[in-house]
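These protein sequence lines map, in sequence, to chains A, B, C and D.
When we follow our numbering, the leftmost residue of the first sequence carries the number 35, and every step to the right adds one.
When we follow our numbering, the leftmost residue of the second sequence carries the number 35, and every step to the right adds one.
When we follow our numbering, the leftmost residue of the third sequence carries the number 13, and every step to the right adds one.
When we follow our numbering, the leftmost residue of the fourth sequence carries the number 13, and every step to the right adds one.
Quick reminder that beta carbons are idealized off the backbone N, C-alpha and C, glycines included.
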Amino acid sequence: MKKIINQPEDSLAEFMRGFSKAYHDVVALHDEPLHFARAGGATSGKVGVISGGGSGHEPLGGGYVGVGMLDAAAPGQYFSSPTPGQIHAATASAHGGAGVLHVVLNYTGDVLNFESGAELAEMDDIEVSTVILDDDVAVEDSTFTAGRRAVAGSIVAMKVIGAAAERGDDLAKVTEIAKKTNDAMATMGLALTPCIVPTQGEPSFDLGPDELELGIGVHGEPGVRRVSMMPADDITDALLDAVVKDLELSSGEDVLLFINGLGATPLSEQYIMYNRASDQLEAMGVNITRSLVGNYFTSLEMAGASLTVMRLDDDLTSLFDAPVHTAGWRAGM
Amino acid sequence: MKKIINQPEDSLAEFMRGFSKAYHDVVALHDEPLHFARAGGATSGKVGVISGGGSGHEPLGGGYVGVGMLDAAAPGQYFSSPTPGQIHAATASAHGGAGVLHVVLNYTGDVLNFESGAELAEMDDIEVSTVILDDDVAVEDSTFTAGRRAVAGSIVAMKVIGAAAERGDDLAKVTEIAKKTNDAMATMGLALTPCIVPTQGEPSFDLGPDELELGIGVHGEPGVRRVSMMPADDITDALLDAVVKDLELSSGEDVLLFINGLGATPLSEQYIMYNRASDQLEAMGVNITRSLVGNYFTSLEMAGASLTVMRLDDDLTSLFDAPVHTAGWRAGM
Amino acid sequence: MAVATLGADWALDWMQRSAKAVNENRDELIRLDRAIGDGDHGDNLDRGFRAAIDDLVTASPDGPGEVFKLVAMSLMSKVGGAAGPLYGSVFLKGSKAVDGNGELDGTGLAEMLAASLAGLQARGKATTGEKTMVDAWTPAVEAAKAAAAEGKAPAEVLRAAAAAAAEGSDATIPMVATKGRASYLGERSAGHRDPGSQSTALILAAAAEAAESLG
Amino acid sequence: MAVATLGADWALDWMQRSAKAVNENRDELIRLDRAIGDGDHGDNLDRGFRAAIDDLVTASPDGPGEVFKLVAMSLMSKVGGAAGPLYGSVFLKGSKAVDGNGELDGTGLAEMLAASLAGLQARGKATTGEKTMVDAWTPAVEAAKAAAAEGKAPAEVLRAAAAAAAEGSDATIPMVATKGRASYLGERSAGHRDPGSQSTALILAAAAEAAESLG
Ligand SMILES: Nc1ncnc2c1ncn2[C@@H]1O[C@H](COP(=O)(O)OP(=O)(O)O)[C@@H](O)[C@H]1O
Ligand SMILES: Nc1ncnc2c1ncn2[C@@H]1O[C@H](COP(=O)(O)OP(=O)(O)O)[C@@H](O)[C@H]1O
Ligand SMILES: [Mg+2]
Ligand SMILES: [Mg+2]
Ligand SMILES: [Mg+2]
Ligand SMILES: [Mg+2]
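This is how it looks when you write it as structure tokens:
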């Protein structure tokens, strides 16, 4: 395992300490229970927005805490959801008197721990509302499974939700926008190489030197189909087809096109995907009115990427455009 | 070679087209000769600032073109400097009547091609001034070599230089600040794994499964020392020692601490380095008044990182803080 | 001849043996979870049981009920993942089923295990056949009840439960998951053992060993 | 018996053979550059000579001087890297040394090669012993001059130059680089052949072959 770490079990604590020092003007790291909150504390009268999940999806953790996005975040161990205690603490840090929205990624562990966290917060008389994100179309939605997974689209959801809370929407309205945002988006990804979780010391999965996996999960959960390497255009078409079909996109609609890198895939490869997807969408008569390309939700150093399309209306567009100041996403301020 | 590309020789063109579509509000891609310029064109009366170099150092190329940073950039093939024709064209696009500064990274190819590019621009009566960056302390400065290399510190230099031009400094003053900036900084890096240039199809160098290379060049040029894997703290100390010695840093000084990822190294590992370096600098009585951590100058998907320290005074600090709006660096606007 | 009731010593020994078993099988649990999940089950439980043991050492629990309650709290506050709250519920409901801080006879054990399973299902909403740890707990509880009804000693009740859990875990191999992370794979989850059912089998085997070691 | 002077046909054939040699040795040049540089020398030159051949096909140069000038412009505008401007100067100065668009005899060839070397050194400021292509060009020019002074035919002059370039390239192996990207390695650059000296040897061998093929 070639990594720039000291003792594997100290990695998370050392990284978080470094992060919070480098960004002390934006985020504050709280111990026992561990969570990140905005440097200035909760904003009085504003709906608090928190999220949380396993570490290793960078720059998640503290990276999206700040004005215009999250008020607090509860980071778990690598790829493992945070505990109810952490979620409770993050909720309390985010509470400005107007209630707190839990933005939960749809994994059993996350859902269970957030449920308990919400119970603890409600015992403190904090009003909690929950939205469960599930943008990944790789996994068929069906009443026989735990539903779809949440992947890169979650970051755009956090941005939009955070902006709604920032402009003063109340808890019911922020929750409604959160659900609408989740319904408006679909994502599918692929991986070329696995990552190594420091505390596991071994690759998260094995892929042959000439294989790629479509629909891979961001924790290395097996995907939909393992296929031989294909050209970027074919890969992009496969992802885009699934996404377009799920959204039932039609000509004349406005969308955000978002290519997300999983860690080790160069930006240039992400833009090659963007180039193809934008040509295909334009050929369908779909208008790409907003774009996002980069490593917004990684799986450590996995090589691979995902493609998200989000249907935009005027309100979602203005929330997407609203000022934001976090370590991982900054614009307009 | 597992990459999300189509034909290797089309990679650059496809990536650049995708990039310029995604960021059409910030940059414009010009063909024949190929270069990027600000979407709005040159700013009348402002000193133009351009740079250029081999592609593959992401998000360089067009990624730092925009308000507060570069006016234009000339991207070469992967790891190969741009041609005089490209540099000439970028210079013309950047010229707002107040002359143009060439920010050149110290590699023989870049220096030679920028010399010719400057000659061509001067034939058009554009006043050109040149600064040669060489922040890498891994390579000893000596009259018997082509000097030191330019690495990640270059990005901070482009930011500071761009801010000076933006506030209205004239060509002589911008050039002076550029030289001062270069003198104020020192960098050293390391690599754990090589990258693969699409048109070469093979790893840029070989490292054993338990080896790392200190002082690696950003194109895979061999470094100073190949050693067995060491803990992050030891790696960081080795880099920091070389940098501190070069700068002759002493207690009470204000500095920027910048950790740059080469591509495939997770942010968490970069923050582990930051965590160590900041502790060490604080122990020396040095004040870290500004921080920067992330993939600002990659070598495609190389795993590794570099550490830059830059001595700050009030002017450099305010230039570092000035608003900037590019694809790769955005703050304050 | 086997002891007739089990108390705090047994409960502590069980937890210590569980921690050891999980630690020794950490890589195996990681490997199982990597095939149909995210590969952290071994790490999650190893971290959780270490924390539980640390907490048990500083506290001095008076009876098995207190031991289980402390373990439940440690797992819920230190583990995260699905296993944290699920095993948390297992031990929390188990602790509530222990009358006061009394000792447990065969019937008491069977009741405690049944309460644990009920807690697990209340939390995770899974039933048998969904390829989760429920598929190990359910036969274990049935076996324990049957053994207790026959008047078997605590060690025998637990040995029956452990054997049934191991078989229940084997039975998860062909199943298609419909709960938890493995359910995202649909049909592709078939052909792999559920990691949580395996950790359940390990933990129940540790319970039996702890009882058997009392002679 | 060898021809006495070389003209546009030879110059075109030389360029075509150079392009072919560079293409066939692309991976070898990449390998050499990877050891002490950034690994792109083979790719740079391959791209450059392809572009030059394309340009030559559309233009119809009248004599060797025009051929070399077109090649120089292609290399400078398409190659980048150190090799682009350096080989650009080589061919640009070489083109200027060809009197009008006249044919080249042995002495004319030696003078042209000397002008090329002068152009290379004016641009790159390197002298012999610095582990660059100058270490191949310098002995090549000396050998060409000596052969021309002995009244050798053009093909023989070029063969002598090519052989000397190859030896000159061999001689770069133990050198420590003090110019170009390899100089950043200091002492560690010793023990590797300079890639630019190798491409020089290939290109000069192509010149000799083109002349020899004329009979
Ligand atoms: N709804 C559920 N009910 C019961 N057990 C479940 C449920 N969901 C998951 N599990 C169990 O949890 C195990 C996975 O635990 P773990 O890997 O620690 O958590 P995560 O899935 O969050 O990474 C599965 O093997 C399965 O036995
Ligand atoms: N100053 C110089 N003078 C002469 N030749 C040089 C000089 N610098 C570099 N070279 C030659 O250029 C070659 C490298 O070319 P290339 O790899 O194409 O460019 P780059 O170094 O920009 O990647 C070296 O092998 C060397 O022979
Ligand atoms: Mg997990
Ligand atoms: Mg190069
Ligand atoms: Mg798991
Ligand atoms: Mg090179």
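Exercise. Should A94 (chain D) be counted as a contact of ligand 4 given a C-beta to heavy atom distance under 8 angstroms?
Worked result: The residue you call residue 94 (chain D) lines up with position 82 of the fourth sequence. Remark: the shortest separation between the CB of A94 (chain D) and any heavy atom of ligand 4 falls under 8 angstroms.
For this session: Name the residue from A:I84, A:G102, A:V101 whose alpha carbon lies nearest to the alpha carbon of Q120 (chain A).
Result: Translated into the one-based positions of the first sequence, residue 120 (chain A) becomes position 86. For the residues A:I84, A:G102, A:V101, the minimum Cα distance to Q120 (chain A) belongs to A:I84.
Exercise. If we cut at 9 angstroms on Cβ distances, does Q304 (chain B) have a partner in chain A?
Worked result: Translated into positions along the second sequence, residue 304 (chain B) becomes position 270. Q304 (chain B) belongs to the set of residues whose beta carbon lies under 9 angstroms from a beta carbon in chain A.
For this session: Look at the alpha carbon of A94 (chain C) and the alpha carbon of A361 (chain B), and state the distance between them as a whole number of angstroms.
Result: Counted from its first residue, the third sequence places residue 94 (chain C) at position 82. Counted from its first residue, the second sequence places residue 361 (chain B) at position 327. Each residue's alpha carbon lies about 39 angstroms from the other.
Exercise. Got a sec, what are the start and stop residues for the alpha helix (DSSP H) Y99 (chain D) sits in?
Worked result: On the fourth sequence, residue 99 (chain D) is found 87 positions in, with the first residue counted as 1. Counting along the chain, the alpha helix (DSSP H) containing Y99 (chain D) begins and ends at 95-109.
Problem set entry | Lining residues of ligand 5 - beta-carbon closer than 5 angstroms to any non-hydrogen atom, in sequence order | Close to ligand 5, as judged by a C-beta nearer than 5 angstroms to any of its heavy atoms, are the residues C:D45, C:G49, C:D50, C:D52, C:H53, in chain order.
Problem set entry | Supposed close pair A176 (chain C), A161 (chain C) - CB separation, criterion 8 angstroms | Taking the third sequence and counting its residues from 1, the one referred to as residue 176 (chain C) is at position 164. Taking the third sequence and counting its residues from 1, the one referred to as residue 161 (chain C) is at position 149. Wrong, their Cβ atoms sit about 14 angstroms apart, outside the cutoff.
Exercise. Looking only at DSSP bridge pairs, what is M219 (chain B) linked to?
Worked result: Against the second sequence, residue 219 (chain B) aligns to sequence position 185. Answer by DSSP bridge pairing, in chain order: B:M344.
Exercise. What runs of the alpha helix (DSSP H), each 4 residues or longer, lie entirely inside the segment 181-209 of chain A?
Worked result: For the segment 181-209 of chain A, the continuous alpha helix (DSSP H) assignments of 4+ residues that do not extend past its boundaries occur at 187-200, in sequence order.
For this session: State the start and end residues of the unbroken beta strand (DSSP E) segment that holds A107 (chain A).
Result: To locate residue 107 (chain A), count along the first sequence from 1; it is residue 73. Looking at the DSSP string, the run of the beta strand (DSSP E) that includes A107 (chain A) is 106-112.
Exercise. At a cut of 8 angstroms, does the segment 285-293 of chain A reach the segment 318-326 of chain A through at least three beta carbon pairs?
Worked result: Yes, the segment 285-293 of chain A is in contact with the segment 318-326 of chain A.
Exercise. Does at least one heavy atom of ligand 4 sit under 8 angstroms from the Cβ of H253 (chain B)?
Worked result: Numbered from 1 along the second sequence, position 219 holds the residue referred to as residue 253 (chain B). H253 (chain B) Cβ: within cutoff of ligand 4.
Exercise. How is M187 (chain C) classed by DSSP in three states: helix, strand or coil?
Worked result: Here residue 187 (chain C) refers to the residue found at position 175 of the third sequence. The three-state secondary structure of M187 (chain C), taken from DSSP, is coil.
Exercise. Does ligand 3 have even one heavy atom less than 8 angstroms from the beta-carbon of F113 (chain A)?
Worked result: The residue labelled residue 113 (chain A) in the question sits at position 79 within the first sequence. Closer than 8 angstroms to some heavy atom of ligand 3: that describes the Cβ of F113 (chain A).
Exercise. Apart from the five residues on each side of it in sequence, which residues of its chain come closer than 6 angstroms, Cβ to Cβ, to T270 (chain A)?
Worked result: Start at 1 with the first residue of the first sequence, and residue 270 (chain A) comes out as number 236. Cβ neighbours of T270 (chain A) beyond the five flanking positions: M307, R310, A311.
Problem set entry | Whole-angstrom distance between D204 (chain A) and D25 (chain C), CA atom to CA atom | Taking the third sequence and counting its residues from 1, the one referred to as residue 25 (chain C) is at position 13. Taking the first sequence and counting its residues from 1, the one referred to as residue 204 (chain A) is at position 170. If I take the Cα positions, the gap works out to 52 angstroms.
Problem set entry | Cut-off 6 angstroms between Cβ atoms - residues of its own chain near V15 (chain C), not counting five sequence neighbours on either side | Against the third sequence, residue 15 (chain C) aligns to sequence position 3. So the list reads L226, once near-sequence residues are dropped.
Exercise. Does A266 (chain A) get closer than 9 angstroms to chain B when you measure Cβ to Cβ?
Worked result: Here the question's residue 266 (chain A) lines up with position 232 in the first sequence. By this cut-off, A266 (chain A) is an interface position.
For this session: Could you check which residue in B:D169, B:D267, B:L246 has the C-alpha nearest to that of R259 (chain B)?
Result: Start at 1 with the first residue of the second sequence, and residue 259 (chain B) comes out as number 225. Minimum Cα distance to R259 (chain B) is reached at B:L246.
Exercise. Any idea if T184 (chain D) is buried or exposed, counting beta-carbon neighbours within 10 angstroms, 16 or more meaning buried?
Worked result: Locating residue 184 (chain D) in the fourth sequence gives position 172, counting from the first residue. Buried, since its Cβ has 16 or more Cβ neighbours within 10 Å.
For this session: Answer with buried or exposed for D6 (chain D), where buried requires no fewer than 16 other C-beta atoms within 10 angstroms of its C-beta.
Result: Because chain D is modelled from 13 through 227, residue 6 (chain D) falls outside the range shown and cannot be assessed.
Exercise. Hey, would you say G51 (chain C) sits closer than 9 angstroms to V231 (chain A), going by beta carbons?
Worked result: Counting from one through the third sequence, the residue named residue 51 (chain C) turns up at place 39. Counting from one through the first sequence, the residue named residue 231 (chain A) turns up at place 197. In this structure, V231 (chain A) lies closer than 9 angstroms to G51 (chain C) by Cβ.
For this session: Would you decide whether V69 (chain C) is buried or exposed? Buried here means 16 or more other CB atoms lie within 10 Å of its CB.
Result: Taking the third sequence and counting its residues from 1, the one referred to as residue 69 (chain C) is at position 57. Result: exposed.
Exercise. What residues from the segment 121-142 of chain A come within 9 angstroms of chain G, judged by C-beta to C-beta, listed N to C?
Worked result: Looking at the structure shown, chain G is missing, and the protein chains on hand are A, B, C and D.
For this session: With a floor of 3 residues, list each beta strand (DSSP E) that falls wholly inside the segment 56-130 of chain A, ordered by position along the chain.
Result: Listed in chain order, they are 61-64, 69-72, 82-89, 106-112.
Problem set entry | For P237 (chain B), the three-state DSSP class (helix, strand or coil) | Indexing the second sequence from 1 puts residue 237 (chain B) at position 203. Correct three-state label for P237 (chain B): strand.
For this session: Mind listing the chain B neighbours of L226 (chain A)? Cutoff is C-beta to C-beta under 9 angstroms, in chain order.
Result: Indexing the first sequence from 1 puts residue 226 (chain A) at position 192. For L226 (chain A), the residues of chain B that pass the 9 angstroms Cβ criterion are K36, K37, I38, in the order they occur in the chain.
Problem set entry | Buried or exposed by the 16-neighbour rule on C-beta atoms within 10 Å, applied to G203 (chain D) | Position 191 of the fourth sequence holds residue 203 (chain D). Using a 10 angstroms sphere on the CB of G203 (chain D), the tally of other CB atoms stays under 16, which defines it as exposed.
Exercise. Helix, strand or coil: how does DSSP classify D288 (chain B) here?
Worked result: Indexing the second sequence from 1 puts residue 288 (chain B) at position 254. Reduced to three states, the DSSP call for D288 (chain B) is strand.
Problem set entry | chain A contact for A365 (chain B) (CB, 9 angstroms cutoff) | As a position in the second sequence, residue 365 (chain B) is number 331, starting the count at 1. Yes, its Cβ sits closer than 9 angstroms to a Cβ of chain A.
Exercise. Given D182 (chain C), which residues of its chain have a CB within under 8 angstroms of its CB, disregarding the five upstream and five downstream residues?
Worked result: Locating residue 182 (chain C) in the third sequence gives position 170, where the first residue counts as 1. These residues qualify, in order along the chain: R205.
For this session: Output the distance between the C-alpha atoms of D44 (chain A) and A84 (chain D), rounded to the nearest integer angstrom.
Result: Looking up residue 44 (chain A) in the first sequence gives position 10. Looking up residue 84 (chain D) in the fourth sequence gives position 72. Whole-angstrom Cα-Cα distance: 58 angstroms.
Exercise. Nearest chain A C-beta to I269 (chain B) closer than 9 angstroms, yes or no?
Worked result: One-based indexing of the second sequence puts residue 269 (chain B) at position 235. In terms of beta-carbon proximity, I269 (chain B) lines the interface with chain A, with at least one pair separated by less than 9 angstroms.
Exercise. Quick one: which chain A residues come within Cβ less than 9 angstroms of F53 (chain B)?
Worked result: Within the second sequence, residue 53 (chain B) is the residue found at index 19, counting from 1. Neighbours of F53 (chain B) in chain A, taken as residues whose beta carbon is under 9 angstroms from its own, are L301, S302, Y305, Y308, N309, V327 in chain order.
Problem set entry | 4 or more residues per run - each alpha helix (DSSP H) lying fully within the segment 39-84 of chain C | For the segment 39-84 of chain C, whole alpha helix (DSSP H) runs of length 4 or above, ordered along the chain, are 53-70.
Exercise. Say the cut is 8 angstroms; is the CB of R59 (chain D) nearer than that to a heavy atom of ligand 6?
Worked result: For the purposes of this step, residue 59 (chain D) is identified with residue 47 of the fourth sequence, where counting begins at 1. Result no, Cβ not under 8 angstroms from ligand 6.
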